[in-house]
Amino acid sequence: MTISIQNIRGFSDVLPDESPAWQFVEQTFRHELERYGFDEIRLPIVEKTALFSRSIGEVTDIVEKEMYTFTDRNGDSLTLRPEGTAGCVRAALQRGLLHNAQPRLWYAGPMFRHERPQKGRYRQFHQVGAEAFGVPGPDVDAELILLSGRILRALGLRDVTLEINNLGTSETRARYRDDLIKHFQAHAEHLDDDARRRLHSNPLRILDSKNPAMAEVIASAPDLLDYMDAEAQAHFTAVRAMLEATGQAYRVNSRLVRGLDYYGSTVFEWVSEHLGAQGTVLAGGRYDALVEMMGGRATPAIGFAAGIERLVSLVEAAGSVPDKTTTQAYLIMTEPTLAQNALAIAESLRTQMPTLRVQVNMGGGSMKSQLRRADRSGAAFALILGPSEAAAGEINIKDLRGETEQYTVAIDRLPAVLSSFDSR
RNA sequence: GUGGGCGUAGCUCAGCUGGUAGAGCUCCGGAUUGUGGCUCCGGUGGUCGUGGGUUCAAGUCCCAUCGCUCACCCCA
């Protein structure tokens with residue numbers, strides 16, 4: 035079949051088969067975040083372009099080539115949000131949430147980046163984000179990491195590992211960056227094309243290269259950790275001590291660099307081996323300079339974002355998605371003329387039993403096909419209404435899963451009977 | 001943006017050196033006049049991604065194009 039209009043590349047549908055896993059991931063985040071004192075904030079999907087270009091960094095890949103930017107009817111440049119932190123900071127500042135308060139906020143929803151799609155990477159993707167404002171750490175840093183670990187465990191994910199790093203202050207990072215460029219320039223003959231291109235735009239990224247030919251130049255490069263000042267050292271040590279005290283395993287990865295300009299100090303990343311090339315499942319870090327940069331009073335902050343699609347794929351592979359609640363009762367009728375009675379019975383049942391799931395067969399069909407639908411709906415039992423039952427104010431109950439013999443009851447006794455089935 | 005792999009039924013796929021489109025699953029009906037699952041029988045469903053070319057003849061060969069997918073880059 036040739037369908038004339040299809041979805042946009044990289045914008046996927048979440049089909050009914052997949053939605054239980056999505057709900058599981060979303061509900062787990064909501065539940066654990068609330069338990070740690072985070073409150074939900076709902077933010078616009080479109081913001082002024084300048085919000086992102088200024089906060090994320092003009093020369094990052096996101097801003098340079100990945101944003102969905104358009105001009106609206108007023109001539110303003112608007113952008114579909116590529117990430118959540120900028121909008122959250124904007125809202126917190128604009129609405130006065132940061133005034134004499136240390137809010138902890140979480141949000142969830144779609145983000146948009148115009149990249150080439152591949153496994154675990156889509157143009158519309160979904161994140162859950164959490165941001166904690168006003169606390170300089172290291173206690174929040176550690177708690178946020180512990181929270182993210184708890185969420186991943188609650189999702190039943192075992193094979194995810196925690197990597198942490200400290201990017202130091204913007205001054206020490208600039209000094210490190212300069213030395214790194216010098217180092218790579220001195221060994222320019224060993225660099226591949228990508229590395230040469232990134233030498234000035236993003237030299238820290240060269241450290242991540244997977245090219246074995248460059249392993250030696252990279253290994254001999256200066257280490258960021260050697261550049262940290264005493265304060266950053268102390269902060270990093272304290273975070274590590276807190277993780278150790280709570281039994282949270284981690285690996286220090288001095289090559290761990292976040293892609294957005296506003297990150298500094300503590301950064302962390304949860305990584306899975308089962309996702310192909312896009313293994314990062316949840317990542318975050320401290321961004322103490324961002325609030326002030328956006329016009330607010332200097333306010334320390336830290337946050338993380340998790341990729342729902344990646345987590346859904348892991349959770350499905352791990353088989354940890356709880357079974358979907360299926361239809362408990364499926365009502366069928368032997369004559370189409372009984373549809374009125376069937377609807378009335380179902381409505382009355384739903385009113386009397388608020389938690390009951392009951393589906394009425396629609397569109398007729400033979401007894402055989404109706405029962406087949408009842409079976410495939412996953413219902414625990416079928417309610418069968420024929421002319422004789424209807425006339426007598428009764429209905430027939432057929433147990434589709436257990437051993438109970440089929441029998442007929444008065445309709446007003448149905449709630450009691452179904453409850454007894456339910457507690458079985 | 002660059003490269004590899006792949007586009008045949010709703011799904012998973014077969015279709016040799018060109019000779020009028022197939023299987024399994026699903027769905028619908030029947031075997032069983034008001035009784036599902038298992039079995040058996042039958043049926044619905046395709047402009048073979050799209051456009052052009054070669055040929056008496058193209059799912060098959062050639063060209064272009066679109067899409068999907070994985071990887072690079074980058075990131076959740």
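Quick note: the first sequence uses this note's numbering, first residue 35, plus one each step. We put the beta carbon where it would ideally sit given N, CA and C, even for glycine.
With contacts defined as CB atoms closer than 7 Å, Tyr141 and Leu77 qualify as a contacting pair. In the DSSP assignment, Asn375 falls within the unbroken alpha helix (DSSP H) covering 373 to 386. Beyond the five residues adjoining it in sequence on each side, Asp409 comes within less than 7 Å, by CB distance, of Leu434 in the same chain, given in chain order.
About 18 Å separates the Cβ atoms of Pro334 and Gly118, ruling out a contact at the 8 Å cut-off. In the structure shown, His160 falls within a strand segment according to DSSP collapsed to helix, strand and coil. Contact holds between the region 237 to 252 and the region 212 to 226, because three or more Cβ pairs, one in each stretch, are under 8 Å apart. The secondary-structure analysis by DSSP pairs Asn199 across a beta bridge with Val301.
CA-CA distance, Asp106 to Val80, rounds to 11 Å.
Beta-bridge analysis with DSSP links Ile445 to no other residue. In this structure the region 350 to 362 does not touch the region 322 to 341; the number of beta carbon pairs closer than 8 Å is below three. Counted as a single uninterrupted DSSP element, the stretch harbouring Gln393 is not any alpha helix (DSSP H) but the beta strand (DSSP E) occupying residues 392 to 394. Val394 sits away from Leu383, with the two beta carbons spaced by 7 Å or more. A distance below 6 Å between beta-carbons, with the five flanking residues on each side excluded, links Gly44 to the following residues of its chain, in chain order: Pro151, Tyr156, Arg157. Distance check between Asp295 and each of Glu68, Glu92, Glu60 places Glu92 closest, using alpha-carbon atoms only. Of the candidates Leu258, Leu127, Asn199, Leu189, Leu258 places its Cα closest to the Cα of Ala208. Annotation for Asp433: the continuous beta strand (DSSP E) segment containing it runs 428 to 433. In the three-state reduction of the DSSP assignment, Tyr70 falls in the coil class, being assigned neither a helical nor a strand state. Proximity to Arg124 across Thr94, Ile96, Ile75, Asn134 peaks at Ile75, based on C-alpha coordinates. Taking 7 Å as the cut-off, the beta carbon of Phe159 is found closer than this to the beta carbon of Glu343. The beta carbons of Leu214 and Tyr297 sit about 17 Å from each other, so the pair does not count as a contact at 8 Å.
Beyond the five residues adjoining it in sequence on each side, Asp110 comes within less than 7 Å, by CB distance, of Lys82 in the same chain, given in chain order.
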